[in-house]
Amino acid sequence: MSAHATPRPGIPADETDAHTWTGRARQWLLKKLPPDKLLPEDQPSYVASWAYVFGMGAIASLLWIIISGIVLGLNGPQWYHVSSLGSFVNSTHLWSVELFFIFMVVHLWLKFWMAAWRGGRVLTWITGVLSFVVSIVAAFTGYLLQTNFDSQWIAFEAKDALNAVGVGAWFNVANVGQLFAWHITLLPLAVGAVVVLHVLLVRVHGVAPPLEAAESDAQLLHHRPESTQSPESTESRDAVR
Amino acid sequence: MTGWLVASLGTVGDGTYFGWDGFTIQSGNLIVIVVMIILFVLALVLPFPGGKRRK
Amino acid sequence: MTRKSSSISWRKTDDLASRPWTGSVREYDLIKELIIGVVVVGLLVLGVSAIFGSPDEPSVSLKAWATAAPADFVATATKELAGTSDSAGYGPPYNPTPDASQKIGPVDLQSLSGVRLPVDNGNDFVIAPLATLPSPPADLALWTAATDQQRSDWAAAYSIALAAAPDNDPAKVADGDYGPAPALTGALLDMARQGSLDGVLQNGGNFYNTDYTRSLLFLGDGSYFPGLAASQHLSGDQWGVMNETGDTPGQSWLWLFSLLYQVEPFKSAANADALVVVTMLVLTALLTFLPFIPGLRSLPRKIPLHRLVWKDYYRNR
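Residue numbers (this note's numbering), protein chains in the order written: chain A, -17 to 223; chain B, 41 to 95; chain C, -6 to 310.
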């Protein structure tokens, strides 16, 4: 209500005077993820390896999956069988999925060997695995939606595994109407939501430092933080600049 | 693009399979797995081009 | 170089991994990396798609089945009448066949849903479609008037006779008391060859349809459709879950799911599907919660591949 509760443009939100739920939510968000953490212009010096490009590769692939999927979805399921343009768009949908999984799996392998869950980053690991699992289900429903011999057979085979654990009665792989709902709305939204959460968590926590990094490393020695410093402070990094 | 309404035996093309002892793998899947392993190894060993350092 | 062993703990403590980095930094441009990524991946996708395309094997219709393998079609229709086909004895969610569900110990997840997608094989696949014909076969009335026992006796006898006939040819079956079974299955074969069975079985008299459960179960009860799949290495015992038709890569990420079906104790288990799914759920949970699992989470320290990832950092410290 009062004017001083609203931060003036260019001045960071005052940490003390928000009293509405919205104001507190904004404060919490800005504290967790200030804009320079969300869209950083620098990274720790150890972020210098090809190991760091695969997450972005997976995200880029996901964008291509979504674009090609929208074109396929808008034209309906029969289009790609009879149109050469449709067939090509279907190919790009397939290959962007293959690339998505290739990048995601290499990313997962690398993050395991980097023990990237260290230092409070466990939820980043969990959301990463979750996005892999949800993507597998999304891809599976895509294979069922091909409306060709492959999808016929996959539906016939897959029903047994789903029925055996009591899921097939509700998730009926032979019901193409249900599959459209899953593949075109629910699962893409789920993959998107988990991936966004995963990326935001990476930005909140920053990139995990090398496993054997120590306080005595040259990269840290000249700007050793005070032990009393709050973990959220960015003062010393600003000083480095 | 012909005849998606009509299926016939002859149109089903054979894939290439490699196998040992009941373990078989289709060529496409094999290539994908090999590509992932190669990318993993390259990511570890290839030198990363040095970015501008800010001190 | 001896340093104290670093922590692989997921916990947020006061160590280096838990604090914001305060050391030296390098320039980094998030948006630029994203744009470069989208362009590079886009070129890759377009290039690979142009070179390899994607497979699209036409679907198999009941018409194609009846035309290519009429003996198999008639034998399958007869089994549906006798109630001896695979799907007739499947159990939930299609029918209430006792002791058909896959259990893990005393846990019977398959039966939890009950018969939620009811399929009455003989009636749904054979009798009801024939009744929709402009002039249904006269034997249809004979069948509907008979007792359940009489019907299954006729169909079972005809099923055995078909299996014994040369080439399983319905025209070469030995004489016997098969009632209306030969006439009904023969009429269904004609109906399928003309292409009208596909529509009737799929839409059940409605204009719209998106549910292919009945058609798929009927197709799968024969040996023609599974035979086509086997010739494409798509069967469950051929790692088929992860294979695509031709040489195009399929769902290679299902390799472990596929592998379990090839090895004991899953391979010969009657409840293989339930066992495989539950095993995969457990393994997925292990991967998800790996940072909490002692031993597994220490592997990155014991096998220090990270020294390659951070070789520049370790060299310069």
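No residue lacks a Cβ here, since even glycine has one placed at the ideal position from N, Cα and C.
{"query": "Beta-carbon neighbours of A33/A, restricted to chain B and to distances below 8 Å", "result": "A83 and L84"}
{"query": "Any C-beta of chain B under 7 Å from that of L283/C", "result": "no"}
{"query": "Cα-Cα separation, P87/B to Y307/C", "result": "14 Å"}
{"query": "Contact check, T56/B vs D240/C, beta carbons under 7 Å", "result": "yes"}
{"query": "Exposed unless 16 or more other CB atoms sit within 10 angstroms - verdict on A10/C", "result": "buried"}
{"query": "CB contact check: I77/B to chain C, cutoff 7 Å", "result": "no"}
{"query": "Per-residue burial, F200/C [other beta carbons within 10 Å of its own, 16 or more giving buried]", "result": "exposed"}
{"query": "Close-in-space but distant-in-sequence residues of the same chain around L247/C (CB under 7 Å, 5 per side omitted)", "result": "V234 and M235"}
{"query": "Straight-line Cα distance separating V155/A from A64/C", "result": "28 Å"}
{"query": "Unbroken alpha helix (DSSP H) run spanning W60/B, endpoints", "result": "Per DSSP, W60/B belongs to no alpha helix (DSSP H); it is in the beta strand (DSSP E), Y57 to W60."}
{"query": "Contact check, G16/C vs L202/A, beta carbons under 7 Å", "result": "yes"}
{"query": "Under 8 Å by beta carbon: chain A residues contacting D190/C", "result": "Sequence check: residue 190/C is Leu here, not Asp. Within chain A, no residue comes near L190/C; the closest Cβ sits about 16 Å away, beyond 8 Å."}
{"query": "Closest Cα partner of L209/C within the set G58/A, L126/A and P26/A", "result": "L126/A"}
{"query": "Three-state secondary structure (DSSP) of R6/A", "result": "helix"}
{"query": "CB contact flag (V104/A, P284/C, <7 Å)", "result": "yes"}
{"query": "Inter-stretch contact (C-beta, 8 Å, three-pair minimum) for the stretch 47 to 54 of chain C and the stretch 104 to 124 of chain A", "result": "no"}
{"query": "Exposure of A63/A, with buried meaning 16 or more beta-carbon neighbours within 10 Å", "result": "A quick correction: the sequence has His, not Ala, at residue 63/A. The residue in question, H63/A, is buried, as its Cβ has 16 or more Cβ neighbours within 10 Å."}
{"query": "Boundaries of the beta strand (DSSP E) in which T140/C is found, first to last residue", "result": "Neither: T140/C is in no beta strand (DSSP E) and is coded neither H nor E."}
{"query": "Any chain A beta carbon closer than 7 Å to Y205/C", "result": "yes"}
{"query": "CB contact below 7 Å: G246/A versus chain C", "result": "Past the edges of chain A, shown from -17 to 223, lies residue 246/A, and the structure says nothing about it."}
{"query": "Local conformation of T64/B per DSSP, three classes", "result": "strand"}
{"query": "Through-space distance from L301/C to P207/A, alpha-carbon basis", "result": "Residue confidence is low: P207/A scores 48 on pLDDT, short of 50, so the model does not pin down where it sits. Its coordinate-derived value is still stated next. Approximately 27 Å between the Cα atoms of the pair."}
{"query": "Neighbouring residues, chain B, relative to L183/A (Cβ below 8 Å)", "result": "Here the premise fails: no neighbours, minimum Cβ distance about 22 Å."}
{"query": "Cα-Cα separation between L112/A and L280/C, rounded to whole angstroms", "result": "10 Å"}
{"query": "Beta-carbon gap between A83/B and W32/A smaller than 7 Å", "result": "yes"}
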